[in-house]
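Count the sequence shown with numbering that gives the first Met the number 0 and you get residues 0 to 504, in order. Structure first, then comments.
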Amino acid sequence: MLCAPPGRIPSHQTVRGRIEMWISLRFRDWPIRTKFVLPMIVMLTALLLSTYLYLPGHLKKVLYATYRQEAVKTAELFSVAVSHALNQHSFELLQKTLQSAKVDHHIAFIFLFDEHGEEYASYNPQHVLFTSRWLAQPEVAENEQGFIVLNESIQYQNEQRLGGLLLGFSLQELHEQVSRVYLITALFSIGSFVVGLMLINFISRYVTTPLSLLQRQMHEIVTSGSFGTDVPVESSDEVGRLAADFNRMMALLRSRHKRLVQSQKRYRSLYQKHQKLNQLKSIFVSDASHHLRTPLTIMRGEIEVALRRERQPADYRETLSIVEEEAAHLGKIVESLLTLAKADSGKLLAMQEDIDFSAVCRQQAKLARLLAEEKGVCLKHAIERRCLMRGDPNRLGELVLNLLENAIKYTPKGGVVELNLEKRDESVVLEVRDSGVGIPAADLENVFERFYRGRNAMRLSKGSGLGLSICKSIAEAHGGEISVSSAVGKGSTFRVVFKKGEEAS
0 MLCAPPGRIP SHQTVRGRIE MWISLRFRDW PIRTKFVLPM IVMLTALLLS TYLYLPGHLK
60 KVLYATYRQE AVKTAELFSV AVSHALNQHS FELLQKTLQS AKVDHHIAFI FLFDEHGEEY
120 ASYNPQHVLF TSRWLAQPEV AENEQGFIVL NESIQYQNEQ RLGGLLLGFS LQELHEQVSR
180 VYLITALFSI GSFVVGLMLI NFISRYVTTP LSLLQRQMHE IVTSGSFGTD VPVESSDEVG
240 RLAADFNRMM ALLRSRHKRL VQSQKRYRSL YQKHQKLNQL KSIFVSDASH HLRTPLTIMR
300 GEIEVALRRE RQPADYRETL SIVEEEAAHL GKIVESLLTL AKADSGKLLA MQEDIDFSAV
360 CRQQAKLARL LAEEKGVCLK HAIERRCLMR GDPNRLGELV LNLLENAIKY TPKGGVVELN
420 LEKRDESVVL EVRDSGVGIP AADLENVFER FYRGRNAMRL SKGSGLGLSI CKSIAEAHGG
480 EISVSSAVGK GSTFRVVFKK GEEAS
(Lines of atoms letter the chains of each structure in order from A and count residues from 1; the text may use other names and numbers.)
(Lines give C-alpha, C1' and ligand atoms only; values in the text may rest on other atoms or scores of the structure.)
Protein backbone atom coordinates (compact mmCIF):
# COMPACT_ATOMS: atom_id res chain seq x y z
CA MET A 1 0.00 0.00 0.00
CA LEU A 2 1.43 3.34 -1.03
CA CYS A 3 1.48 6.18 1.51
CA ALA A 4 2.27 9.85 1.20
CA PRO A 5 5.74 10.85 2.45
CA PRO A 6 5.78 12.05 6.08
CA GLY A 7 5.13 15.75 6.50
CA ARG A 8 3.52 16.12 3.09
CA ILE A 9 -0.21 16.36 2.36
CA PRO A 10 -1.49 14.47 -0.68
CA SER A 11 -2.27 16.74 -3.62
CA HIS A 12 -5.94 15.75 -3.79
CA GLN A 13 -6.39 16.70 -0.11
CA THR A 14 -4.64 20.03 -0.74
CA VAL A 15 -6.93 20.82 -3.68
CA ARG A 16 -9.97 19.75 -1.68
CA GLY A 17 -8.91 21.91 1.26
CA ARG A 18 -8.36 24.89 -1.01
CA ILE A 19 -11.77 24.41 -2.61
CA GLU A 20 -13.45 24.14 0.79
CA MET A 21 -11.59 27.24 2.01
CA TRP A 22 -12.58 29.19 -1.12
CA ILE A 23 -16.23 28.17 -0.71
CA SER A 24 -16.12 29.08 2.99
CA LEU A 25 -14.63 32.51 2.29
CA ARG A 26 -17.07 33.19 -0.52
CA PHE A 27 -20.03 32.03 1.58
CA ARG A 28 -18.88 34.22 4.47
CA ASP A 29 -18.99 37.33 2.26
CA TRP A 30 -22.50 36.66 0.97
CA PRO A 31 -25.46 38.67 2.29
CA ILE A 32 -27.47 36.99 5.06
CA ARG A 33 -30.50 36.70 2.80
CA THR A 34 -28.46 34.87 0.16
CA LYS A 35 -27.06 32.55 2.83
CA PHE A 36 -30.61 31.79 3.90
CA VAL A 37 -32.29 31.55 0.47
CA LEU A 38 -29.67 29.65 -1.55
CA PRO A 39 -29.51 26.48 0.64
CA MET A 40 -33.32 26.43 0.82
CA ILE A 41 -33.59 26.66 -2.97
CA VAL A 42 -30.97 23.93 -3.42
CA MET A 43 -32.78 21.63 -0.96
CA LEU A 44 -36.18 22.36 -2.54
CA THR A 45 -34.81 21.72 -6.02
CA ALA A 46 -33.16 18.46 -4.92
CA LEU A 47 -36.37 17.30 -3.21
CA LEU A 48 -38.61 18.07 -6.20
CA LEU A 49 -36.10 16.63 -8.68
CA SER A 50 -35.84 13.43 -6.63
CA THR A 51 -39.63 13.23 -6.51
CA TYR A 52 -39.86 13.74 -10.28
CA LEU A 53 -37.27 11.08 -10.98
CA TYR A 54 -38.36 8.49 -8.41
CA LEU A 55 -42.16 8.63 -8.27
CA PRO A 56 -43.01 7.95 -11.95
CA GLY A 57 -40.38 5.23 -12.18
CA HIS A 58 -41.60 3.50 -9.05
CA LEU A 59 -45.19 3.78 -10.23
CA LYS A 60 -44.19 2.30 -13.60
CA LYS A 61 -42.67 -0.70 -11.85
CA VAL A 62 -45.79 -1.24 -9.76
CA LEU A 63 -48.11 -0.92 -12.77
CA TYR A 64 -45.89 -3.16 -14.88
CA ALA A 65 -46.00 -5.89 -12.23
CA THR A 66 -49.78 -5.55 -12.12
CA TYR A 67 -50.06 -5.71 -15.93
CA ARG A 68 -47.69 -8.69 -16.08
CA GLN A 69 -49.68 -10.57 -13.46
CA GLU A 70 -52.91 -9.83 -15.31
CA ALA A 71 -51.31 -10.89 -18.63
CA VAL A 72 -50.14 -14.20 -17.17
CA LYS A 73 -53.63 -14.97 -15.85
CA THR A 74 -55.19 -14.04 -19.19
CA ALA A 75 -52.74 -16.27 -21.09
CA GLU A 76 -53.41 -19.21 -18.76
CA LEU A 77 -57.16 -18.70 -19.13
CA PHE A 78 -56.98 -18.72 -22.95
CA SER A 79 -54.62 -21.72 -22.90
CA VAL A 80 -57.20 -23.72 -20.94
CA ALA A 81 -60.04 -22.58 -23.22
CA VAL A 82 -58.10 -23.44 -26.38
CA SER A 83 -57.14 -26.85 -24.93
CA HIS A 84 -60.82 -27.50 -24.23
CA ALA A 85 -61.83 -26.54 -27.79
CA LEU A 86 -59.14 -28.80 -29.27
CA ASN A 87 -60.15 -31.67 -27.02
CA GLN A 88 -63.71 -31.19 -28.33
CA HIS A 89 -62.38 -31.15 -31.89
CA SER A 90 -64.54 -28.07 -32.40
CA PHE A 91 -62.97 -25.43 -34.67
CA GLU A 92 -66.02 -23.20 -34.18
CA LEU A 93 -65.51 -23.22 -30.42
CA LEU A 94 -61.89 -22.39 -31.04
CA GLN A 95 -62.85 -19.36 -33.15
CA LYS A 96 -65.34 -18.18 -30.54
CA THR A 97 -62.65 -18.52 -27.89
CA LEU A 98 -60.26 -16.39 -29.93
CA GLN A 99 -62.94 -13.79 -30.75
CA SER A 100 -63.79 -13.47 -27.04
CA ALA A 101 -60.46 -11.64 -26.71
CA LYS A 102 -62.23 -8.55 -28.08
CA VAL A 103 -63.69 -8.02 -24.62
CA ASP A 104 -60.26 -7.26 -23.17
CA HIS A 105 -58.75 -4.26 -24.97
CA HIS A 106 -55.35 -5.03 -23.50
CA ILE A 107 -55.05 -8.17 -25.70
CA ALA A 108 -53.22 -7.14 -28.86
CA PHE A 109 -52.99 -10.56 -30.50
CA ILE A 110 -53.22 -14.31 -29.95
CA PHE A 111 -51.30 -16.75 -32.14
CA LEU A 112 -51.83 -20.50 -31.97
CA PHE A 113 -49.06 -22.74 -33.31
CA ASP A 114 -48.53 -26.49 -33.46
CA GLU A 115 -45.71 -28.54 -32.14
CA HIS A 116 -43.72 -27.71 -35.27
CA GLY A 117 -44.08 -23.95 -34.76
CA GLU A 118 -46.51 -23.44 -37.57
CA GLU A 119 -49.37 -20.96 -37.03
CA TYR A 120 -52.82 -22.47 -37.52
CA ALA A 121 -55.13 -19.91 -35.89
CA SER A 122 -54.95 -16.33 -34.60
CA TYR A 123 -56.65 -13.26 -33.21
CA ASN A 124 -54.82 -10.25 -34.61
CA PRO A 125 -56.96 -7.07 -34.92
CA GLN A 126 -53.87 -4.83 -35.05
CA HIS A 127 -52.24 -6.92 -37.78
CA VAL A 128 -49.10 -7.61 -35.87
CA LEU A 129 -46.66 -9.72 -37.89
CA PHE A 130 -45.99 -13.12 -36.33
CA THR A 131 -42.33 -13.95 -35.93
CA SER A 132 -40.90 -17.31 -34.96
CA ARG A 133 -38.34 -15.45 -32.79
CA TRP A 134 -41.04 -15.09 -30.13
CA LEU A 135 -41.10 -18.88 -29.79
CA ALA A 136 -37.49 -18.89 -28.62
CA GLN A 137 -38.06 -16.21 -25.94
CA PRO A 138 -38.76 -17.02 -22.32
CA GLU A 139 -42.23 -17.63 -21.08
CA VAL A 140 -42.80 -13.92 -20.48
CA ALA A 141 -40.97 -11.22 -22.40
CA GLU A 142 -41.53 -7.53 -23.27
CA ASN A 143 -41.54 -6.76 -26.94
CA GLU A 144 -39.96 -3.57 -28.27
CA GLN A 145 -43.28 -2.73 -29.91
CA GLY A 146 -44.89 -2.20 -26.44
CA PHE A 147 -46.33 -5.64 -25.73
CA ILE A 148 -45.85 -8.29 -23.10
CA VAL A 149 -45.51 -11.50 -25.08
CA LEU A 150 -46.46 -14.68 -23.21
CA ASN A 151 -45.56 -18.15 -24.49
CA GLU A 152 -48.06 -20.60 -22.99
CA SER A 153 -48.23 -24.37 -23.78
CA ILE A 154 -51.45 -26.07 -24.92
CA GLN A 155 -52.02 -29.52 -23.36
CA TYR A 156 -54.21 -32.37 -24.63
CA GLN A 157 -56.25 -34.67 -22.39
CA ASN A 158 -53.39 -37.08 -21.88
CA GLU A 159 -51.19 -34.09 -21.11
CA GLN A 160 -49.58 -34.35 -24.49
CA ARG A 161 -48.34 -31.01 -25.75
CA LEU A 162 -50.23 -29.99 -28.87
CA GLY A 163 -48.38 -26.72 -29.47
CA GLY A 164 -48.44 -23.34 -27.92
CA LEU A 165 -50.15 -20.01 -27.54
CA LEU A 166 -48.54 -16.60 -27.97
CA LEU A 167 -50.52 -13.79 -26.32
CA GLY A 168 -49.56 -10.17 -26.75
CA PHE A 169 -50.66 -7.95 -23.87
CA SER A 170 -50.58 -4.26 -24.81
CA LEU A 171 -48.66 -1.83 -22.57
CA GLN A 172 -50.01 1.28 -24.32
CA GLU A 173 -52.31 2.16 -21.44
CA LEU A 174 -49.44 1.63 -19.01
CA HIS A 175 -47.22 4.00 -20.98
CA GLU A 176 -50.03 6.57 -21.19
CA GLN A 177 -50.58 6.38 -17.42
CA VAL A 178 -46.86 6.72 -16.78
CA SER A 179 -46.66 9.69 -19.18
CA ARG A 180 -49.56 11.33 -17.38
CA VAL A 181 -47.82 10.70 -14.06
CA TYR A 182 -44.61 12.25 -15.44
CA LEU A 183 -46.59 15.27 -16.66
CA ILE A 184 -48.52 15.65 -13.40
CA THR A 185 -45.31 15.21 -11.38
CA ALA A 186 -43.54 17.77 -13.54
CA LEU A 187 -46.38 20.29 -13.17
CA PHE A 188 -46.59 19.58 -9.44
CA SER A 189 -42.81 20.03 -9.08
CA ILE A 190 -42.86 23.29 -11.03
CA GLY A 191 -45.84 24.58 -9.05
CA SER A 192 -44.29 23.48 -5.77
CA PHE A 193 -41.00 25.11 -6.76
CA VAL A 194 -42.74 28.42 -7.56
CA VAL A 195 -44.82 28.34 -4.36
CA GLY A 196 -41.79 27.29 -2.34
CA LEU A 197 -39.70 30.02 -3.91
CA MET A 198 -42.36 32.61 -3.06
CA LEU A 199 -42.61 31.27 0.48
CA ILE A 200 -38.84 31.26 0.90
CA ASN A 201 -38.68 34.80 -0.47
CA PHE A 202 -41.41 35.96 1.93
CA ILE A 203 -39.80 34.29 4.95
CA SER A 204 -36.34 35.56 4.01
CA ARG A 205 -37.69 39.10 3.66
CA TYR A 206 -39.52 38.81 6.97
CA VAL A 207 -36.38 37.56 8.71
CA THR A 208 -33.76 39.77 7.06
CA THR A 209 -35.64 43.09 6.69
CA PRO A 210 -35.03 44.13 10.34
CA LEU A 211 -31.38 43.17 9.91
CA SER A 212 -31.21 45.26 6.74
CA LEU A 213 -32.73 48.19 8.64
CA LEU A 214 -30.08 47.78 11.31
CA GLN A 215 -27.36 47.71 8.69
CA ARG A 216 -28.70 50.83 6.93
CA GLN A 217 -29.09 52.62 10.27
CA MET A 218 -25.54 51.85 11.29
CA HIS A 219 -24.31 52.90 7.84
CA GLU A 220 -26.15 56.24 8.18
CA ILE A 221 -24.58 56.75 11.58
CA VAL A 222 -21.10 56.06 10.25
CA THR A 223 -21.50 58.29 7.19
CA SER A 224 -23.54 61.17 8.61
CA GLY A 225 -23.05 60.96 12.38
CA SER A 226 -26.83 60.99 12.95
CA PHE A 227 -27.96 59.51 16.26
CA GLY A 228 -31.64 60.49 16.19
CA THR A 229 -33.35 57.51 14.53
CA ASP A 230 -34.42 54.25 16.20
CA VAL A 231 -34.95 50.92 14.48
CA PRO A 232 -38.59 49.74 14.75
CA VAL A 233 -38.99 46.72 17.04
CA GLU A 234 -41.65 44.56 15.37
CA SER A 235 -41.11 41.19 17.09
CA SER A 236 -39.90 39.62 20.30
CA ASP A 237 -37.56 37.06 18.70
CA GLU A 238 -33.79 37.31 18.39
CA VAL A 239 -34.03 39.97 15.67
CA GLY A 240 -36.47 42.02 17.76
CA ARG A 241 -34.23 41.76 20.82
CA LEU A 242 -31.24 42.74 18.69
CA ALA A 243 -33.14 45.81 17.43
CA ALA A 244 -34.15 46.71 21.02
CA ASP A 245 -30.56 46.34 22.20
CA PHE A 246 -29.42 48.47 19.27
CA ASN A 247 -31.92 51.19 20.20
CA ARG A 248 -30.69 51.12 23.80
CA MET A 249 -27.14 51.38 22.54
CA MET A 250 -28.13 54.33 20.33
CA ALA A 251 -29.84 56.05 23.26
CA LEU A 252 -26.69 55.59 25.31
CA LEU A 253 -24.59 56.92 22.44
CA ARG A 254 -26.90 59.93 22.07
CA SER A 255 -26.60 60.67 25.78
CA ARG A 256 -22.84 60.32 25.76
CA HIS A 257 -22.53 62.27 22.53
CA LYS A 258 -24.61 65.06 24.04
CA ARG A 259 -22.41 65.11 27.13
CA LEU A 260 -19.34 65.04 24.92
CA VAL A 261 -20.59 68.02 22.87
CA GLN A 262 -21.39 69.90 26.07
CA SER A 263 -17.95 69.05 27.45
CA GLN A 264 -16.33 70.23 24.23
CA LYS A 265 -18.25 73.50 24.41
CA ARG A 266 -17.34 73.92 28.05
CA TYR A 267 -13.68 73.11 27.41
CA ARG A 268 -13.66 75.42 24.39
CA SER A 269 -15.16 78.21 26.49
CA LEU A 270 -12.64 77.56 29.27
CA TYR A 271 -9.84 77.51 26.72
CA GLN A 272 -10.99 80.84 25.27
CA LYS A 273 -11.24 82.29 28.76
CA HIS A 274 -7.80 80.96 29.54
CA GLN A 275 -6.42 82.51 26.37
CA LYS A 276 -8.12 85.78 27.19
CA LEU A 277 -6.78 85.68 30.75
CA ASN A 278 -3.29 85.01 29.46
CA GLN A 279 -3.65 87.92 27.10
CA LEU A 280 -4.99 90.15 29.88
CA LYS A 281 -2.21 88.98 32.17
CA SER A 282 0.39 89.91 29.59
CA ILE A 283 -1.22 93.33 29.11
CA PHE A 284 -1.65 93.68 32.85
CA VAL A 285 2.00 92.87 33.57
CA SER A 286 3.16 95.21 30.84
CA ASP A 287 0.94 98.11 32.00
CA ALA A 288 1.65 97.47 35.66
CA SER A 289 5.38 97.48 35.01
CA HIS A 290 5.05 100.77 33.19
CA HIS A 291 2.93 102.45 35.87
CA LEU A 292 5.10 101.16 38.71
CA ARG A 293 8.30 102.17 36.95
CA THR A 294 7.19 105.81 36.55
CA PRO A 295 6.94 106.75 40.26
CA LEU A 296 10.02 104.70 41.08
CA THR A 297 11.98 106.51 38.36
CA ILE A 298 10.82 109.89 39.72
CA MET A 299 11.73 108.92 43.29
CA ARG A 300 15.14 107.60 42.22
CA GLY A 301 15.87 110.72 40.17
CA GLU A 302 14.96 113.09 43.00
CA ILE A 303 17.09 111.14 45.47
CA GLU A 304 20.09 111.04 43.12
CA VAL A 305 19.87 114.80 42.52
CA ALA A 306 19.66 115.44 46.27
CA LEU A 307 22.75 113.32 46.96
CA ARG A 308 25.01 114.85 44.34
CA ARG A 309 25.88 117.91 46.53
CA GLU A 310 25.04 119.64 49.74
CA ARG A 311 21.68 121.43 49.68
CA GLN A 312 19.63 123.69 51.85
CA PRO A 313 17.11 122.08 54.24
CA ALA A 314 14.29 123.57 52.19
CA ASP A 315 15.55 121.72 49.10
CA TYR A 316 15.68 118.44 51.03
CA ARG A 317 12.15 118.99 52.31
CA GLU A 318 10.96 119.60 48.73
CA THR A 319 12.68 116.38 47.56
CA LEU A 320 11.22 114.38 50.43
CA SER A 321 7.79 115.84 49.70
CA ILE A 322 8.05 114.66 46.07
CA VAL A 323 9.23 111.21 47.21
CA GLU A 324 6.38 111.00 49.70
CA GLU A 325 3.84 111.93 47.01
CA GLU A 326 5.21 109.37 44.56
CA ALA A 327 5.35 106.70 47.29
CA ALA A 328 1.69 107.34 48.09
CA HIS A 329 0.86 107.15 44.40
CA LEU A 330 2.86 103.91 44.15
CA GLY A 331 1.05 102.47 47.19
CA LYS A 332 -2.31 103.35 45.67
CA ILE A 333 -1.34 101.58 42.42
CA VAL A 334 -0.26 98.47 44.36
CA GLU A 335 -3.50 98.50 46.36
CA SER A 336 -5.53 98.79 43.15
CA LEU A 337 -3.59 95.92 41.58
CA LEU A 338 -4.30 93.74 44.60
CA THR A 339 -7.99 94.59 44.36
CA LEU A 340 -8.11 93.60 40.67
CA ALA A 341 -6.18 90.39 41.41
CA LYS A 342 -8.81 89.45 44.00
CA ALA A 343 -11.53 90.23 41.45
CA ASP A 344 -9.88 87.93 38.89
CA SER A 345 -9.67 85.08 41.41
CA GLY A 346 -13.28 85.53 42.57
CA LYS A 347 -12.26 86.62 46.08
CA LEU A 348 -13.13 90.29 45.80
CA LEU A 349 -16.00 90.19 48.32
CA ALA A 350 -14.83 89.46 51.83
CA MET A 351 -18.38 89.19 53.20
CA GLN A 352 -22.00 88.94 52.10
CA GLU A 353 -24.68 90.45 54.26
CA ASP A 354 -27.96 92.36 54.10
CA ILE A 355 -27.14 96.09 54.08
CA ASP A 356 -28.83 99.44 53.72
CA PHE A 357 -27.14 100.82 50.63
CA SER A 358 -28.64 104.24 51.35
CA ALA A 359 -26.54 104.54 54.54
CA VAL A 360 -23.39 103.48 52.66
CA CYS A 361 -23.97 106.19 50.01
CA ARG A 362 -24.57 108.93 52.65
CA GLN A 363 -21.35 107.99 54.45
CA GLN A 364 -19.26 108.11 51.26
CA ALA A 365 -20.85 111.43 50.28
CA LYS A 366 -19.61 112.92 53.56
CA LEU A 367 -16.06 111.71 52.80
CA ALA A 368 -16.12 113.07 49.26
CA ARG A 369 -17.55 116.43 50.35
CA LEU A 370 -14.16 117.50 51.81
CA LEU A 371 -12.43 116.82 48.48
CA ALA A 372 -15.17 118.72 46.60
CA GLU A 373 -14.87 121.74 48.93
CA GLU A 374 -11.08 121.84 48.45
CA LYS A 375 -11.57 122.02 44.66
CA GLY A 376 -14.56 124.37 44.79
CA VAL A 377 -17.04 121.82 43.40
CA CYS A 378 -20.61 121.60 44.65
CA LEU A 379 -21.59 118.06 45.71
CA LYS A 380 -25.31 117.31 45.84
CA HIS A 381 -27.06 114.05 46.62
CA ALA A 382 -30.60 112.65 46.45
CA ILE A 383 -30.58 109.33 48.29
CA GLU A 384 -33.81 107.39 48.69
CA ARG A 385 -34.29 105.84 52.11
CA ARG A 386 -33.91 102.10 52.81
CA CYS A 387 -32.53 100.83 49.54
CA LEU A 388 -31.84 97.35 50.84
CA MET A 389 -29.59 94.81 49.09
CA ARG A 390 -27.12 92.06 49.84
CA GLY A 391 -23.38 92.58 49.45
CA ASP A 392 -20.04 93.66 50.92
CA PRO A 393 -20.47 97.13 52.48
CA ASN A 394 -16.73 97.94 52.26
CA ARG A 395 -16.51 97.17 48.54
CA LEU A 396 -19.78 99.01 47.80
CA GLY A 397 -18.45 102.02 49.70
CA GLU A 398 -15.25 101.83 47.64
CA LEU A 399 -17.37 101.79 44.47
CA VAL A 400 -19.33 104.92 45.48
CA LEU A 401 -16.22 106.81 46.63
CA ASN A 402 -14.25 105.98 43.45
CA LEU A 403 -17.07 107.27 41.26
CA LEU A 404 -17.38 110.45 43.34
CA GLU A 405 -13.61 111.09 43.36
CA ASN A 406 -13.45 110.47 39.61
CA ALA A 407 -16.31 112.95 38.98
CA ILE A 408 -14.78 115.62 41.24
CA LYS A 409 -11.37 115.16 39.65
CA TYR A 410 -12.61 116.03 36.15
CA THR A 411 -15.09 118.74 37.15
CA PRO A 412 -13.72 122.30 37.04
CA LYS A 413 -14.10 124.79 39.89
CA GLY A 414 -17.68 125.94 40.25
CA GLY A 415 -19.03 122.74 38.69
CA VAL A 416 -21.61 120.38 40.17
CA VAL A 417 -21.42 116.67 41.06
CA GLU A 418 -24.66 114.80 41.88
CA LEU A 419 -25.09 111.50 43.69
CA ASN A 420 -28.50 109.84 43.17
CA LEU A 421 -29.81 106.54 44.59
CA GLU A 422 -33.32 105.23 44.03
CA LYS A 423 -35.44 102.09 43.77
CA ARG A 424 -36.76 101.11 40.35
CA ASP A 425 -39.04 98.09 40.15
CA GLU A 426 -36.84 95.15 41.15
CA SER A 427 -33.54 97.02 41.10
CA VAL A 428 -31.49 99.65 42.91
CA VAL A 429 -29.99 102.34 40.65
CA LEU A 430 -26.92 104.41 41.59
CA GLU A 431 -26.03 107.45 39.45
CA VAL A 432 -23.06 109.82 39.71
CA ARG A 433 -23.47 112.80 37.39
CA ASP A 434 -20.98 115.66 36.86
CA SER A 435 -20.74 118.83 34.79
CA GLY A 436 -17.10 118.26 33.89
CA VAL A 437 -15.16 118.13 30.64
CA GLY A 438 -16.90 114.94 29.42
CA ILE A 439 -15.46 111.90 27.67
CA PRO A 440 -14.91 111.78 23.88
CA ALA A 441 -17.01 109.20 22.07
CA ALA A 442 -13.88 107.35 20.93
CA ASP A 443 -12.90 106.73 24.57
CA LEU A 444 -16.30 105.67 25.96
CA GLU A 445 -16.03 101.95 25.11
CA ASN A 446 -12.61 101.69 26.78
CA VAL A 447 -13.06 103.68 29.98
CA PHE A 448 -13.50 100.50 32.09
CA GLU A 449 -10.39 98.80 30.68
CA ARG A 450 -7.43 98.49 33.01
CA PHE A 451 -4.77 101.21 32.76
CA TYR A 452 -6.77 102.96 30.06
CA ARG A 453 -6.79 106.75 30.28
CA GLY A 454 -8.45 108.96 27.72
CA ARG A 455 -6.91 112.05 26.22
CA ASN A 456 -8.74 114.41 28.57
CA ALA A 457 -7.74 112.30 31.60
CA MET A 458 -4.05 112.33 30.74
CA ARG A 459 -4.19 116.07 30.10
CA LEU A 460 -6.10 117.14 33.21
CA SER A 461 -4.96 114.81 36.03
CA LYS A 462 -2.51 112.24 37.21
CA GLY A 463 -3.74 108.68 37.73
CA SER A 464 -3.23 104.98 37.08
CA GLY A 465 -6.30 104.19 35.00
CA LEU A 466 -7.44 101.46 37.45
CA GLY A 467 -10.24 103.22 39.35
CA LEU A 468 -13.05 102.59 36.88
CA SER A 469 -11.85 98.98 36.31
CA ILE A 470 -12.18 98.40 40.05
CA CYS A 471 -15.67 99.93 39.98
CA LYS A 472 -16.71 97.56 37.20
CA SER A 473 -15.31 94.53 39.10
CA ILE A 474 -17.17 95.48 42.28
CA ALA A 475 -20.44 96.05 40.40
CA GLU A 476 -20.21 92.70 38.56
CA ALA A 477 -19.27 90.87 41.76
CA HIS A 478 -22.61 92.05 43.19
CA GLY A 479 -24.52 90.99 40.04
CA GLY A 480 -24.79 94.59 38.81
CA GLU A 481 -24.08 96.37 35.55
CA ILE A 482 -22.19 99.63 35.13
CA SER A 483 -22.49 101.97 32.15
CA VAL A 484 -21.51 105.50 31.17
CA SER A 485 -22.95 108.23 29.01
CA SER A 486 -21.12 111.48 28.27
CA ALA A 487 -21.00 114.58 26.13
CA VAL A 488 -17.80 116.57 25.67
CA GLY A 489 -18.00 119.90 27.49
CA LYS A 490 -21.25 118.98 29.29
CA GLY A 491 -20.26 116.20 31.67
CA SER A 492 -20.67 112.46 32.25
CA THR A 493 -23.09 110.13 34.00
CA PHE A 494 -22.05 106.79 35.49
CA ARG A 495 -24.95 104.45 36.23
CA VAL A 496 -24.83 101.20 38.25
CA VAL A 497 -27.92 98.96 38.33
CA PHE A 498 -28.19 96.30 41.08
CA LYS A 499 -30.89 93.67 41.38
CA LYS A 500 -32.69 94.40 44.61
CA GLY A 501 -32.08 91.73 47.24
CA GLU A 502 -34.36 90.56 50.00
CA GLU A 503 -34.94 93.13 52.71
CA ALA A 504 -33.20 92.49 56.01
CA SER A 505 -35.42 91.52 58.83
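Glycine is no exception: its CB is placed at the ideal position from the N, C-alpha and C atoms.
* Go ahead and label T33 buried or exposed: buried means 16 or more other beta carbons lie within 10 angstroms of its beta carbon, across all protein chains shown. => exposed
* To do: Give every residue of the same chain whose Cβ lies closer than 8 Å to the Cβ of A486, excluding the five residues on either side of it in the sequence, and list them in chain order.
  => G437
* Asked: Thinking C-alpha only, which one of V180, F447, L465, N393 is nearest N480?
  -> The displayed chain sequence assigns Glu, not Asn, to residue 480. The shortest C-alpha separation from E480 is found at F447.
* **Cα-Cα separation, F108 to H57** => 28 Å
* If you follow the beta strand (DSSP E) that H380 is part of, which residue opens it and which one closes it? -> 377–382
* Asked: Any idea what DSSP makes of D113, helix, strand or coil?
  -> coil
* Touch test, the segment 29–49 against the segment 61–80, Cβ-Cβ under 8 Å, three pairs minimum -> no
* Quick one: Cα of G435 to Cα of K498, how far? -> 29 Å
* Asked: Is T492 helix, strand or coil when you go by DSSP?
  -> strand
* **Cross-strand partners of L166 (DSSP beta bridge)** => I109, L149
* Using a Cβ-Cβ cut-off of 7 Å (strictly less than) and excluding sequence neighbours within five positions of K374, which residues of its own chain qualify? -> I407, K412
* Sort G466, L85, M298 by Cα distance to T318 and report the nearest one. => M298
* To do: Using three-state DSSP, classify D236 as helix, strand or coil.
  => coil
* Provide the residue(s) that pair with L418 in DSSP beta bridges, ordered along the chain. => H380, V431
* **Three-way DSSP call (helix, strand, coil) for Y409 in this model** => coil
* Between the C-alpha atoms of F112 and L164, what's the straight-line distance to the nearest angstrom? -> 6 Å
* Asked: Sorted by chain position, which residues of the same chain lie with C-beta nearer than 7 Å to A503's C-beta, five sequence neighbours on each side aside?
  -> Because the pLDDT of A503 is 35, which lies under 50, any placement of that residue in the model is unreliable, and the question is left without a value.
* Taking the Cβ atom as the reference point for each residue, do Q176 and L47 lie within a distance shorter than 8 Å? -> no
* Using the Cα positions of M249 and S234, report the straight-line distance between them to the nearest angstrom. => 19 Å
* Asked: Closest to V359 by CA distance: which of L398, F493, K379, Q278 is it?
  -> L398
* Buried or exposed: which applies to K257, given that a residue is buried once 16 or more other Cβ atoms fall within 10 Å of its Cβ? -> exposed
* Whose CA, out of L93, I382, S169, lies closest to the CA of T65? -> S169
* **Segment contact, 8 Å Cβ cut-off, at least three pairs: the segment 226–245 with the segment 77–87** => no
* Asked: Between the beta-carbon of Q171 and the beta-carbon of G190, is there less than 8 Å?
  -> no
* Excluding the 5 residues preceding and the 5 following H105 in the sequence, name in chain order all residues of the same chain whose CB lies nearer than 8 Å to its CB. => Y66, E69, A70, T73, F168, S169, E172
* Please list, in chain order, all residues of the same chain as A381 whose beta carbon is under 8 Å from its beta carbon, the five residues on each side excluded. => E417, L418, N419, L420, E421
* To do: Assign F493 to one of two classes, buried (16 or more other C-beta atoms within 10 Å of its C-beta) or exposed (fewer than that).
  => buried
* Quick one: residues in its chain with C-beta nearer than 7 Å to the C-beta of Q125, no 5 flanking neighbours on either side, listed in chain order? => A107, F108
* **Cα-Cα separation, L251 to S262** => 16 Å
* Starting from G466, trace the beta strand (DSSP E) both ways and give me its first and last residue. => Careful: G466 lies outside any beta strand (DSSP E), inside the alpha helix (DSSP H) at 466–476.
* Asked: Are D433 and G396 close, meaning C-beta to C-beta below 8 Å?
  -> no
* Asked: With which residues is K498 paired in a DSSP beta bridge?
  -> S426
* Pull up the distance between the alpha-carbon of L54 and that of L198, whole angstroms please. => 24 Å
* **Cα-Cα separation, E404 to G488** => 19 Å
* Asked: Which one of E114, Q311, L295 has the shortest CA to CA distance from V322?
  -> L295
* Asked: Mind checking V427: buried by the 16 CB within 10 Å criterion, or exposed?
  -> buried
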